[in-house]
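If you use numbering that gives the first Met the number 0, the sequence shown corresponds to residues 0 to 105, in order.
Below you'll find the structure, written out as structure tokens, and then a few comments.
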Amino acid sequence: MAKITYIEHDGKEHTLEVADGTTLMEAAVKASVPGIDGDCGGACACATCMVFVPEEWWDKIPPKEDMEETMLEFAENAEANSRLSCQIKAAPALDGMRVSMPKSQH
Ligand code: FES
Numbered sequence: 000m001a002k003i004t005y006i007e008h009d010g011k012e013h014t015l016e017v018a019d020g021t022t023l024m025e026a027a028v029k030a031s032v033p034g035i036d037g038d039c040g041g042a043c044a045c046a047t048c049m050v051f052v053p054e055e056w057w058d059k060i061p062p063k064e065d066m067e068e069t070m071l072e073f074a075e076n077a078e079a080n081s082r083l084s085c086q087i088k089a090a091p092a093l094d095g096m097r098v099s100m101p102k103s104q105h
């Protein structure tokens with residue numbers, strides 16, 4: 000279980016308890032967090048689940064695989080700290096993580 004805070008582009012925060020093994024996208028969609036659509040259902044094919052991950056969490060999440068890397072290359076508003084939240088599974092090490100969404104996702 001990890002407590003994850005999702006921050007909308009306007010600063011509004013949503014904190015969820017995400018079960019281990021559940022992706023951050025799945026948890027956000029289930030809780031109707033604005034800014035995470037997950038249109039492709041987690042297939043790494045839409046980038047509507049993009050989040051910005053602060054640098055201090057980078058070593059606690061798995062590195063990007065090729066598909067995610069490619070999606071992010073083409074994603075509008077992607078930054079160096081962008082990740083697809085459908086590729087990040089909750090785990091105790093992520094407890095307290097805060098991610099934010101771009102203005103283009105709301
Ligand atoms: Fe489509 Fe993450 S849900 S890329």
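Ideal placement from N, C-alpha and C gives every residue a C-beta, glycine not left out.
Remember, predicted model here, so these are calculated numbers, not experimental data.
Query	Result
Distance, Glu55 Cα to Cys48 Cα	20 Å
Backbone CA spacing between Pro101 and Thr69 [nearest angstrom]	18 Å
Simplified DSSP assignment, three categories, for Val50	strand
Beta-carbon proximity of Ala129 to Asp94, cut-off 7 Å	With the chain represented from 0 up to 105, any question about residue 129 goes unanswered, as that position is not in the structure.
Inter-stretch contact (C-beta, 8 Å, three-pair minimum) for the stretch 77-92 and the stretch 34-51	yes
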